[in-house]
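Enquirer: Can you read through this structure? Questions will come right after.
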Amino acid sequence: MLSSSKTDPNHRERWGYSFQWTDKHLPQEEIAALRAHYDELGSAALEKLQAIIGRKNIEINGGANCPFKPELYAILKEHHKEDEVLEQFWAELHSDPVWVDWEQIERAQKFFGRYALANSTAFALQGFIRENSASPGIAEVFARTGGFAIKNLLSRVIETFTWVIQVTTSLESIQPGGEGHISTIRVRLLHASVRQRILKLASTRPEYFPIEKYGAPVNDLDSMHAIVLFCCMPMWDSFPKMGIYPSKQEITDFIALFRYISYVVGSPNEYFETPEKAKAVMETMFLYELEPNKTSKILAHNFIAWLEDQPPPYLSRNFMEAGCRWMNGHDMCDALGLGRPSLYYYAVFAGHNVIVSTMARAQKLIPRLDRFIIQFSRKTLYNAVTDNAHLAGGAGPFDFKFVPSHDEKFGKEVDLLEGRGRKKLPRPVEHVFFGAFLIAVLVGVMLTFGGVKILMGLYGNDALRS
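With our numbering, the residue at position 417 of the sequence shown is 417, and numbering never jumps.
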């Protein structure tokens, strides 16, 4: 899977992606250091918040077995002035780093809406299938928090999409006090809660989560990997595979947005200072962090099994597997145990790419269309996640819904899918994609035929003159 050229010692290739190794890439020693470190301030703030909740529980219930479970952010907002650690945490979250350019952030926010369909495809087929499933440390955390159990997938997808939409919907939303900013703080506290719980279980049974191998759960390397997933993969991997090539300005702006998000979520942000540094981090992750294991196969299986035949698109498993292979390569998909669909489904996914790439080109040529698509995507996606927010469950947004335990079993699931996919369902979306593929082929044939005819005519005229 990993190869380097004998003639070029700096050439690297991993999972079908090739690049030149430079001094901007991370050496293994630096990766190990990032894996060993995590957001200590966030963890300390969580402990302080839990202590406040414990005191309130005694005040309200007299210590009875009727726990007081408020939302962590609400407690932080109310009590941050009462404790030195919480005050430091609050001040960090609400201060603007000197490198933040809010005009640039506002431009960057349009990127997700501009390419909403392509972003959603990349998020599902690369983000969930490859980056979350094939990164062992991240996969093991997901497995222990029930994130890829089929019964919990709807909640995780809705929450993640809600967060992405909130941080990209408007400048006010991502600035301190805005909806997206508050959601990002909640994510940071959720990460601290997950880490605390898993470390507690591992302290009594080390084999539950091998810390010496993966580092602490949700460590700095894991957090950086998540940032890479959202802002680097579209620019240099997933979008080019769909025929979309973001401009230099779009790349610079979007990296800047997620550098700020990295700051708020407590992850090292200096690695995203420039597009060049961010790309080097992404390529380093390709080289060292994508190692599918047994858990990876289960996560990939469960995600596709859950997504199969979900309304309203009613996508088939074959279509999704073709998309995964197109986006991630055969080696990765074989390692994840995915099937090999027929050529028809590759043609269908090619039609998807025809549509998204054609729209991208049209939007660059027609600014009014671009503005309409951005506004339409933002409104449609925001309404969709708002209308379905109740399906996420839990006491509040980014609540710790699934508590890991030693006895929890995790594996491939089929029982919850009984009744789905047993009868042949209409595939209107896939039919549209296949139609786009046929039109593209027809146009290509006509252009080729016309070009040959013109050349033959020119050649014939030259022959007559001679």
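Glycine included, C-beta positions come from ideal geometry on N, C-alpha and C.
For the putative contact between A278 and Y288, defined by C-beta atoms under 8 Å, what is the C-beta separation to the nearest angstrom?
Expert: Incorrect: roughly 16 Å between the Cβ atoms, too far for contact.
Enquirer: For T204, does the count of other Cβ atoms within 10 angstroms reach 16, so buried, or fall short, so exposed?
Expert: By the 10 Å Cβ count, T204 comes out exposed.
Enquirer: Under DSSP, the alpha helix (DSSP H) around A283 begins and ends at which residues?
Expert: The residue asked about is misnamed: residue 283 is Glu in this sequence, not Ala. Looking at the DSSP string, the run of the alpha helix (DSSP H) that includes E283 is P275 to Y288.
Enquirer: Quick check: the Cα distance between T284 and L221, rounded to an integer number of angstroms?
Expert: Computed Cα separation, rounded: 11 Å.
Enquirer: Can you tell me whether DSSP reads F112 as helix, strand or coil?
Expert: Looking at F112 - three-state DSSP - the assignment turns out to be helix.
Enquirer: Would you mind working out which of G178, Q310 and V164 sits nearest L154, comparing C-alpha positions?
Expert: Out of G178, Q310 and V164, Q310 has the C-alpha closest to the C-alpha of L154.
Enquirer: Indicate the three-state DSSP secondary structure (helix, strand or coil) for F19 in the structure shown.
Expert: Strand at F19.
Enquirer: Hey, how far is the Cα of V432 from the Cα of Y263?
Expert: Using only the alpha carbons, I get a separation of about 41 Å.
Enquirer: Since I believe R14 is in contact with F286 (beta carbons under 8 Å), could you give me their beta-carbon distance rounded to a whole number of angstroms?
Expert: Sure, about 5 Å apart at Cβ, within 8 Å.
Enquirer: How is the beta strand (DSSP E) around H37 delimited, first residue to last?
Expert: No beta strand (DSSP E) holds H37; DSSP gives it neither H nor E.
Enquirer: Could you compute how far the alpha carbon of L416 sits from the alpha carbon of L257?
Expert: Note that L416 scores 48 on pLDDT, short of 50, meaning its location in the model is unreliable; the coordinates nonetheless yield the value given after this. Taking the straight line from one Cα to the other gives about 38 Å.
Enquirer: Measuring CB atoms only, is the segment 174-184 touching the segment 222-234, in the sense that at least three cross pairs come out at less than 8 Å?
Expert: Segments in contact, no.
Enquirer: Fully enclosed by the segment 150-180, which alpha helix (DSSP H) runs are 4 residues long or longer?
Expert: With a minimum length of 4 residues, the continuous alpha helix (DSSP H) runs that stay inside the segment 150-180 are 150-168 and 171-174.
Enquirer: Do we get a CB-CB distance below 8 Å when we pair L199 with the residues of chain C?
Expert: As a matter of chain content, chain C is missing from the structure shown, which is built from one protein chain.
Enquirer: I'd like to know if the segment 295-315 and the segment 127-139 are in contact, where contact means that at least 3 CB-CB pairs between them fall below 8 Å.
Expert: Yes, they touch.
Enquirer: Using the Cα positions of L26 and A280, report the straight-line distance between them to the nearest angstrom.
Expert: Whole-angstrom Cα-Cα distance: 8 Å.
Enquirer: Given a cut-off of 8 Å, decide if Y115 and I244 are closer than it, judged by their beta-carbon atoms.
Expert: Cβ atoms of I244 and Y115: closer than 8 Å.
Enquirer: Quick check on DSSP: helix, strand or coil for E250?
Expert: Note: E250 maps to helix in three-state DSSP.
Enquirer: Could you tell me the alpha carbon to alpha carbon distance between P97 and K81, rounded to whole angstroms?
Expert: Approximately 21 Å, taken between the alpha carbons.
Enquirer: Around the Cβ of I105, are there at least 16 other Cβ atoms within 10 angstroms (buried) or fewer (exposed)?
Expert: Buried, because 16 or more other Cβ atoms sit within 10 Å of the Cβ of I105.
Enquirer: Relative to the alpha-carbon of G113, which residue among I53, R371 and T386 has its alpha-carbon at the smallest distance?
Expert: Selected option, being the one with the closest Cα: R371.
Enquirer: Measure the C-alpha to C-alpha separation of T7 and G450 and round it to an integer number of angstroms.
Expert: Each residue's Cα considered, the two are about 43 Å apart.
Enquirer: Is the CB-CB distance between V194 and V218 below 8 Å?
Expert: Yes, the pair counts as a contact, with Cβ atoms nearer than the cut-off.
Enquirer: Taking 8 Å as the threshold, find out whether the segment 196-203 comes into contact with the segment 117-127 through three or more Cβ pairs.
Expert: With the cut-off at 8 Å, the segment 196-203 and the segment 117-127 do not touch.
Enquirer: If you drop the 5 nearest sequence neighbours on each side, which residues of the same chain put their C-beta closer than 6 Å to that of V255?
Expert: The amino acid occupying residue 255 in the given sequence is Ile; Val does not appear at that position. So the qualifying residues of the chain are C231, F272, P275 and A278.
Enquirer: Assuming H225 is part of the alpha helix (DSSP H), what are its boundary residues?
Expert: D220 to C231 is the span of the alpha helix (DSSP H), which, as asked, contains H225.
Enquirer: Under three-state DSSP, which class holds R107?
Expert: Helix at R107.
Enquirer: Taking only three categories from DSSP, how would you classify R144?
Expert: In this structure, R144 counts as helix in the three-state DSSP scheme.
Enquirer: Let's see if you can read the secondary structure: which residues bound the beta strand (DSSP E) around H11?
Expert: Counting along the chain, the beta strand (DSSP E) containing H11 begins and ends at H11 to R14.
Enquirer: For the candidate residues A134, F161 and R12, whose alpha-carbon lies nearest to that of I380?
Expert: Note that residue 380 is Thr in the sequence shown here, rather than Ile. Considering only alpha carbons, the answer is F161.
Enquirer: So what does DSSP say about F209, is it helix, strand or coil?
Expert: Three-state DSSP puts F209 in coil, outside helix and strand.
Enquirer: Can you tell me which of S357, A143 and T184 puts its alpha carbon nearest to the alpha carbon of Q166?
Expert: Closest by alpha carbon: T184.
Enquirer: Grouping DSSP H, G and I as helix and E and B as strand, with all else coil, what is V265?
Expert: Coil, per DSSP.
Enquirer: Could you give the C-beta distance for E308 and F111, rounded to a whole number, given that I count them as a contact under 8 Å?
Expert: With 8 Å as the limit, E308 and F111 do not qualify as a contact, their Cβ atoms being about 29 Å apart.
Enquirer: Apart from the five residues on each side of it in sequence, which residues of its chain come closer than 6 Å, Cβ to Cβ, to E418?
Expert: For E418, the predicted structure reports a pLDDT of 49, less than 50, and the residue's modelled location is therefore unreliable. The matter cannot be settled from this model.
Enquirer: Looking only at its own chain, which residues have a Cβ that is under 7 Å from the Cβ of I52, when we skip the five neighbours before and after it?
Expert: Excluding sequence neighbours, I52 sits near I75 and H79.
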